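So the structure is just underneath, and the comments pick up after that.
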Amino acid sequence: VPESDVFCHLDVVRAVTGSDSGEGVLRERVDCETADGGPVATVWGGFPENIYVIFSNLPRPAASAFLVSSAGELAMSREDDSSAVWGVALPAGVAGPDGVDFVLRWDDGMASRIPGCFAEWPPAVGESCA
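The numbering used here numbers the first residue of the sequence shown as 15 and each following residue consecutively.
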């Protein structure tokens with residue numbers, strides 16, 4: 015168990031191990047429960063030259079995210095390493111009549127696509143698509 019996790023969850027570590035060190039505790043990553051319908055992209059803010067979104071209903075955090083439009087595939091970045099907010103600078107005319115797609119890639123190489131988002135551009139803050 016990493017030291018930062020021991021201090022963050024010290025009461026639990028003590029209850030499980032009987033010590034403050036976390037020695038003997040093995041951790042295993044498990045997927046989160048998700049609802050039917052797949053990943054969801056929700057507009058957090060931005061405009062007119064950028065967009066910020068939060069992705070939810072995911073089995074685990076995305077390792078990378080991309081906005082795909084008639085302008086091509088644009089790599090998105092997290093606002094900081096621990097943020098759930100992903101952003102990207104937008105070229106003019108990024109969204110066509112079919113909107114944009116979001117592609118989420120996982121650390122195991124698999125990917126999910128959220129197609130046809132936000133045909134009306136710019137989308138309103140709080141607007142979601144799945």
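Don't be surprised by glycine CBs; every beta carbon is placed ideally from N, CA and C. Remember, it's a predicted structure, so these values are computed and weren't measured experimentally.
Candidates the options: closest to residue i by CA position
i	options	result
residue 70	63, 50, 60 and 28	50
residue 103	144, 89 and 142	89
residue 66	116, 133 and 129	116
residue 114	101, 133 and 106	133
residue 136	92, 118, 119 and 64	64
Straight-line Cα distance separating residue j from residue i
i	j	result
residue 59	residue 98	13 angstroms
residue 15	residue 45	With a pLDDT of 45 at residue 15, under the threshold of 50, the modelled position of that residue is not reliable, and the figure given next carries that caveat. The alpha-carbon atoms of residue 15 and residue 45 are separated by roughly 19 angstroms.
residue 121	residue 77	5 angstroms
residue 83	residue 75	23 angstroms
residue 13	residue 43	Nothing about residue 13 can be reported from this structure: the residues present for the chain run from 15 to 144 only.
Cβ distance (whole Å) where residue i is taken to contact residue j below 8 angstroms
i	j	result
residue 56	residue 73	At roughly 17 angstroms, the Cβ-Cβ gap does not stay under 8 angstroms, so residue 56 and residue 73 are not in contact.
residue 144	residue 54	5 angstroms
Residue range of the beta strand (DSSP E) that includes residue i
i	result
residue 125	125-131
Beta-bridge pairing of residue i - partner residues as DSSP gives them
i	result
residue 56	68 and 142
residue 51	None; residue 51 has no bridge partner.
residue 91	101
residue 119	78 and 125
Residue i, enclosing alpha helix (DSSP H) - first and last residue
i	result
residue 28	24-31
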